[in-house]
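Participant:
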Amino acid sequence: MAAEDTARQAASSTNGRDRGRADTIAADLSVRSPTGLSLLPGSPGSPIRKTLLGAAIVGYAWLAGGLAPLSTRALLSVLLPGAVLGVIAYGKPPERIAPPESVDVAGLSYWIICIALLFEWEASAVRDGSHGWHPSLTDLINPLIGPHPVKAAAFTIWLLSGWALVRR
Amino acid sequence: MVSTRAETIIGFVVIIGALIILEILGRHKNNRIPAVGEWLGYVMRPRSGRALILLGWLWLGWHYFAR
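This is the structure in C-alpha cells:
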C-alpha cells in the first residue's frame, strides 16, 4: 500500500522526473508477485495469459454452477473466490482505476432513490412471505438461473464483477 | 384486471429499468449523474466503504449461488 501511495503522489506531481518514477513503480506493482514467480505463462496482458485466465474462470463457474444448493460445496465455491479477492484487495491490490475526487450529490441521489425503492419493493414482498401473488426478486430470479448453463453464466458475471470491484 | 403478481413484477421491471437508464445517462459526458463505476469508486475510497461493497458482493453470491 505504501508503494501505491508513493506512486499516486508521484503521478499527481507536475515534476517530469517524478512522473517517470510513478510509471516505473506502477509497472513494478503490476508485474511483481510475492514469490517473484508467476503461476501463468506469458507476460501480463498477453493473449495466452488472458485465454488461460478466461478458461479458468469459466471452468470454475461451470463447476460451481452445477453444485447442489444449500450444500457445503456450494458454500465453499462462493467463499473461495471471496477469500481470494479479499486477499488481493487488501494484500496485493492491482493497479486501480482512479476514483473520482467527488460526485454530484443531486446526481447520486437519483441512484440512492432507485436503490432504496428496489430494497423497499423487495422488503414488502419478503414481509408478505414471498407468495406467488407477491413474489420477491429472489423468487423471480431463482427459476431463471436454474438451468446449469445459465447459472454458470451468472456465476461468471458475478466473479468478473468481483474483480471489477477490486480494481476500483 | 392486473393481478398482484403482475403488479409486483412490473414494479421490479420499472425500478431495474430506471437503474439501467441512470447508467446510460451516467455514461454520457457533461451529465451530473455518475455512472455506477464512478460512484462505487467514490464509495470505495475509504477502506470501510471498500469492505462494505465487497461484503455486499459476497452476500449476493451466497444468496443466489449457495442457497
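Chains as they are written, first to last, in the working numbering: chain V, 53 to 220; chain G, 23 to 89. Built from N, CA and C at the ideal position, the CB exists for glycine as well. Just so it is clear, the structure is predicted and the values come from calculations on it, not from any experiment.
Rounded to whole angstroms, what's the CA-CA distance from Leu32 of chain G to Ala40 of chain G? Just pull it up for me.
Facilitator: In the second sequence, the residue the question calls residue 32 of chain G occupies position 10. In the second sequence, the residue the question calls residue 40 of chain G occupies position 18. Residue 32 of chain G is actually Ile in this sequence, not Leu. Cα to Cα, Ile32 of chain G sits roughly 12 angstroms from Ala40 of chain G.
Participant: If we define contact as Cβ-Cβ less than 7 angstroms, is Trp210 of chain V a contact residue for chain G?
Facilitator: On the first sequence, residue 210 of chain V is found 158 positions in, with the first residue counted as 1. Judged by the 7 angstroms Cβ criterion, Trp210 of chain V is in contact with chain G.
Participant: So, are the CB atoms of Leu160 of chain V and Trp79 of chain G less than 7 angstroms apart?
Facilitator: Within the first sequence, numbered from 1, the residue matching residue 160 of chain V stands at position 108. Within the second sequence, numbered from 1, the residue matching residue 79 of chain G stands at position 57. Result no, Cβ atoms of Leu160 of chain V and Trp79 of chain G do not sit closer than 7 angstroms.
Participant: Can you tell me which of the three DSSP states Ala79 of chain V falls into?
Facilitator: Taking the first residue of the first sequence as position 1, residue 79 of chain V is located at position 27. Any answer about Ala79 of chain V is weak, because its pLDDT of 42 lies below 50 and its placement is not dependable; what the coordinates show is given next. Correct three-state label for Ala79 of chain V: helix.
Participant: Whose C-beta lies closer than 8 angstroms to the C-beta of Ser213 of chain V among residues of the same chain, with five residues either side of it excluded?
Facilitator: Here residue 213 of chain V refers to the residue found at position 161 when the first sequence is read from its first residue. No residues qualify anywhere along the chain.
Participant: Which two residues bound the contiguous alpha helix (DSSP H) that contains Pro133 of chain V?
Facilitator: Translated into the one-based positions of the first sequence, residue 133 of chain V becomes position 81. Run containing Pro133 of chain V: Thr124 to Gly143, per the alpha helix (DSSP H) assignment.
Participant: Could you confirm whether any beta carbon from chain V is found closer than 7 angstroms to the beta carbon of Trp79 of chain G?
Facilitator: Position 57 of the second sequence holds residue 79 of chain G. So yes, Trp79 of chain G belongs to the interface.
Participant: Output, in chain order, the set of chain V residues within a Cβ distance shorter than 8 angstroms of Leu74 of chain G.
Facilitator: Numbered from its first residue, the second sequence carries residue 74 of chain G at position 52. In chain order: nothing, as chain V lies at least about 11 angstroms away.
Participant: Could you name the residues of chain G that Arg179 of chain V contacts, counting a contact when the two beta carbons are closer than 7 angstroms?
Facilitator: Sequence index remark: in the first sequence, residue 179 of chain V carries index 127 (1-based). In chain order: nothing, as chain G lies at least about 12 angstroms away.
Participant: Kindly give me the distance between the Cβ atoms of Arg49 of chain G and Asp156 of chain V, rounded to whole angstroms, as I take these residues to be in contact under 8 angstroms.
Facilitator: Taking the second sequence and counting its residues from 1, the one referred to as residue 49 of chain G is at position 27. Taking the first sequence and counting its residues from 1, the one referred to as residue 156 of chain V is at position 104. Not quite, the Cβ-Cβ distance comes to about 15 angstroms (not below 8 angstroms), so this is no contact.
Participant: Can you tell me whether DSSP reads Trp185 of chain V as helix, strand or coil?
Facilitator: In the first sequence, counting from the first residue as 1, residue 185 of chain V sits at position 133. The answer is coil: DSSP assigns Trp185 of chain V none of H, G, I, E or B.
Participant: Compare the Cα-Cα distances from Pro151 of chain V to each of G:Arg89, G:Gly63, G:Leu77 and G:Ser70 and report the closest residue.
Facilitator: Taking the first sequence and counting its residues from 1, the one referred to as residue 151 of chain V is at position 99. Taking only the C-alpha atoms, the option nearest Pro151 of chain V is G:Gly63.
Participant: Return yes when the Cβ of Ala57 of chain G is within less than 7 angstroms of the Cβ of Leu127 of chain V, no when it is not.
Facilitator: Along the first sequence, one-based indexing puts residue 127 of chain V at 75. Along the second sequence, one-based indexing puts residue 57 of chain G at 35. No.
Participant: For a contact meaning CB atoms closer than 9 angstroms, what does Pro56 of chain G contact in chain V?
Facilitator: As a position in the second sequence, residue 56 of chain G is number 34, starting the count at 1. Those within 9 angstroms of Pro56 of chain G in chain V are Pro152, Val155, Asp156, Gly159, Leu160 and Trp163.
Participant: Indicate whether at least one CB of chain G lies closer than 7 angstroms to the CB of Ala118 of chain V.
Facilitator: Here the question's residue 118 of chain V lines up with position 66 in the first sequence. For the sequence presented, residue 118 of chain V should be read as Gly rather than Ala. It does not: the Cβ of Gly118 of chain V has no partner Cβ on chain G nearer than 7 angstroms.
Participant: Comparing the C-beta of Trp215 of chain V with each C-beta of chain G, is any distance below 7 angstroms?
Facilitator: Counting from one through the first sequence, the residue named residue 215 of chain V turns up at place 163. Output row for Trp215 of chain V: interface = no.
Participant: Could you tell me which of V:Gly181, V:Val110, V:Pro99 and V:Pro187 sits nearest to Ala204 of chain V, measuring between CA atoms?
Facilitator: Locating residue 204 of chain V in the first sequence gives position 152, where the first residue counts as 1. The shortest Cα separation from Ala204 of chain V among V:Gly181, V:Val110, V:Pro99 and V:Pro187 belongs to V:Val110.
Participant: Can you name, in chain order, every residue of its own chain whose Cβ lies under 7 angstroms from the Cβ of Asp191 of chain V, other than the five neighbours on each side?
Facilitator: For the purposes of this step, residue 191 of chain V is taken as the residue at position 139 of the first sequence. Taken in chain order, the residues that qualify are Ser182.
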